[in-house]
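Comments concern the structure below.
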Amino acid sequence: MPQMATLNWMSLFITINLLIMIMKTTSIFFNKKYFTLMIIKTPSTKNWSW
260 MPQMATLNWM
270 SLFITINLLI
280 MIMKTTSIFF
290 NKKYFTLMII
300 KTPSTKNWSW
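Take 260 as the starting number for the sequence shown in this note's numbering and just add one per residue.
In structure tokens, the structure reads:
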């Protein structure tokens with residue numbers, strides 16, 4: 260069962276990374292100033308406790 264938990268954490272981590280990648284790519288197409296404001300308002304992943 261511990262292996263299942265690790266897989267869940269890995270998939271969650273990958274999903275977060277994908278979301279960050281999507282946000283970075285979309286920021287190129289949209290207004291960068293508005294998007295950077297949104298990113299600053301959202302808490303960084305460093306502050307998250309795993």
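Using N, Cα and C, we set each Cβ at its ideal position, and we do this for glycine too.
Rounded straight-line distance, which links the Cα of MET280 to that of THR274: Taking the sequence shown and counting its residues from 1, the one referred to as residue 274 is at position 15. Taking the sequence shown and counting its residues from 1, the one referred to as residue 280 is at position 21. When rounded, the distance between both Cα atoms is 10 Å.
Please report the distance separating the alpha-carbon of LEU277 from that of GLN262. For the purposes of this step, residue 277 is taken as residue 18 along the sequence shown, with counting starting at 1. For the purposes of this step, residue 262 is taken as residue 3 along the sequence shown, with counting starting at 1. C-alpha separation (whole angstroms): 22 Å.
Using only the alpha-carbon positions, how far apart do LEU266 and PHE272 sit? Position 7 of the sequence shown, counting from 1, holds the residue named residue 266. Position 13 of the sequence shown, counting from 1, holds the residue named residue 272. Cα to Cα, the separation comes out at about 10 Å.
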